[in-house]
Amino acid sequence: MPELPEVETVRRGLQPAMEGARIDRLELRRGDLRFPFQPDFAARLQGRVVTSLGRRAKYLLADLDSGDVLLMHLGMSGSFRVVSDGTNEMPGAFHHPRSDERAHDHVVFHMSSGPSVIYNDPRRFGFMKIFARSEAEQEPFIKDIGPEPLGNEFDAAMLAEACRNKKTSLKAALLDQTVVAGLGNIYVCEALFRSHLSPRRLAATLSTKKGEPTERATHLVDAIHDVLNLAIKAGGSSLRDHRQTSGELGYFQHSFQVYDREGEPCKTDGCSGIVKRFVQNGRSTFWCPKCQK
DNA sequence: ACTGTCACCTGGTCGC
DNA sequence: TGCGACCAGGTGACAG
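Per UniProt numbering, residue 1 is the first one in the first sequence, and the count goes up by one each step.
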């Protein structure tokens with residue numbers, strides 16, 4: 001599921017329940033997600049106040065009053081929901097999980113603010129880890145991640161430079177979290193479509209031989225900005241698992257131009273192309289061969 | 001050092 | 001209705 005817009009949607013949904021609140025009790029319903037929990041995981045969280053809830057790439061980062069940071073990744077199928085207490089869903093939530101869905105409720109944060117925050121993850125590709133803020137720069141999961149695409153430092157010159165010596169495709173380069181943070185399969189496909197660039201194009205062609213960014217790089221950066229901002233505004237994309245913390249679906253999937261549209265007509269004005277799918281680096285790429293060059 | 005492939009899991013969908 | 005094959009939003013560990 002979760003690429004940058006979905007994780008950002010989740011962060012905004014969790015903020016009211018978590019920021020400034022204390023984790024009275026942490027319930028671990030199994031010993032592992034993708035990895036085993038650290039032996040002192042619960043002990044370092046219980047009784048701590050969440051001073052702020054941030055995001056870096058696809059990671060949620062909760063700052064604690066102890067000087068620790070809780071890192072959380074949703075993998076492919078992770079979601080959070082906020083419930084009024086340990087048993088009842090928030091009034092007004094659209095999503096009331098069936099009992100077999102609750103089987104995948106793996107972590108429960110009982111917050112001093114009243115509600116509980118429940119982490120659900122059927123595939124368990126997600127994970128959580130706690131580390132000291134003073135060692136954040138050495139934290140393996142985040143230390144090599146590239147710039148935030150909606151941050152000030154991400155621009156055409158920066159992206160062109162990061163891709164300059166790459167021997168791989170534009171699609172693979174944009175999925176590489178050390179090039180730019182937070183993009184996944186959906187938003188890479190959508191951004192390439194919006195900038196009319198082929199997913200097969202060599203990433204190095206974003207710059208000239210002298211290293212100057214080409215116009216392509218500018219268009220691509222604009223497209224990345226546009227698609228991410230629109231998706232965040234829509235509460236992310238809900239295909240199978242993603243829900244906002246209230247239980248509502250995101251609705252950006254209705255705005256997909258190419259993703260999951262194999263065989264359907266291209267949406268570019270005046271283009272008579274048909275959206276095609278092929279497998280690139282083991283993942284589905286959707287694109288219009290007629291207008292993406 | 002870089003790039004591509006596989007593995008980790010569960011569940012939904014499709015064709016027979 | 002059942003069964004197997006295949007697919008899925010990510011990324012760390014490998015092999016080349």
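Glycine is no exception: its CB is placed at the ideal position from the N, C-alpha and C atoms.
How far does the beta strand (DSSP E) with residue i in it reach, from first residue to last?
i	result
I118	116-120
A62	59-64
residue 297	There is simply no residue 297 to check, as the chain begins at 1 and stops at 293 in what is shown.
Would you tell me roughly how many angstroms separate the C-alpha atoms of residue i and residue j, rounded to the nearest one?
i	j	result
F154	G235	23 Å
A203	M158	13 Å
E19	G31	26 Å
E137	K143	6 Å
D68	L53	12 Å
T218	F278	26 Å
M128	C271	45 Å
L14	K290	42 Å
P36	G126	11 Å
R11	L249	15 Å
A231	G47	35 Å
V82	R56	21 Å
S237	H254	8 Å
S113	I224	37 Å
H73	K293	34 Å
So the candidates are the options; which of them puts its Cα closest to the Cα of residue i?
i	options	result
V188	R102, M158, P115, Q257	Q257
I23	S246, G247, H110	H110
E215	I118, H196, K233	H196
K210	N165, L239, A191	N165
F193	S207, D65, T205, D222	D222
V50	L228, R25, W287	R25
L239	F252, N229, S246, K233	F252
What three-state label does DSSP hand residue i in the structure shown?
i	result
S99	helix
A128	It should be pointed out that residue 128 corresponds to Met in this sequence rather than to Ala. M128: strand per DSSP, three-state reduction.
I186	helix
H196	coil
S284	strand
T51	strand
H104	coil
L159	helix
F256	coil
L70	strand
S246	coil
S238	coil
residue 317	There is simply no residue 317 to check, as the chain begins at 1 and stops at 293 in what is shown.
Considering residue i, what are the terminal residues of the alpha helix (DSSP H) in which it resides?
i	result
A231	215-233
M76	Counting along the chain, M76 falls outside any alpha helix (DSSP H), and DSSP gives it neither H nor E.
R11	4-18
P42	The displayed chain sequence assigns Ala, not Pro, to residue 42. Segment 41-45, the alpha helix (DSSP H) holding A42.
K171	170-175
message: Whether or not the segment 143-151 and the segment 174-182 are in contact is what I'm after, with contact meaning three or more pairs of Cβ atoms, one per stretch, closer than 8 Å; do they touch?
response: Cβ pair count under 8 Å is three or more, so yes.
message: For the pair the segment 32-46 and the segment 256-270, tell me if three or more CB-CB distances fall below 8 Å.
response: In short, these stretches do not touch, since the Cβ pair count stays below three.
query: How about the segment 96-108 and the segment 157-172: do they share at least three Cβ pairs that are nearer than 8 Å?
result: Too few Cβ pairs lie closer than 8 Å, so no.
field: Given 8 Å, three or more beta-carbon pairs between the segment 67-83 and the segment 113-124
entry: Using a C-beta cut-off of 8 Å, the segment 67-83 makes contact with the segment 113-124, since at least three inter-stretch Cβ pairs fall below that distance.
message: I want to know whether the segment 59-70 touches the segment 5-16 - three or more CB-CB distances under 8 Å.
response: Cβ pair count under 8 Å is three or more, so yes.
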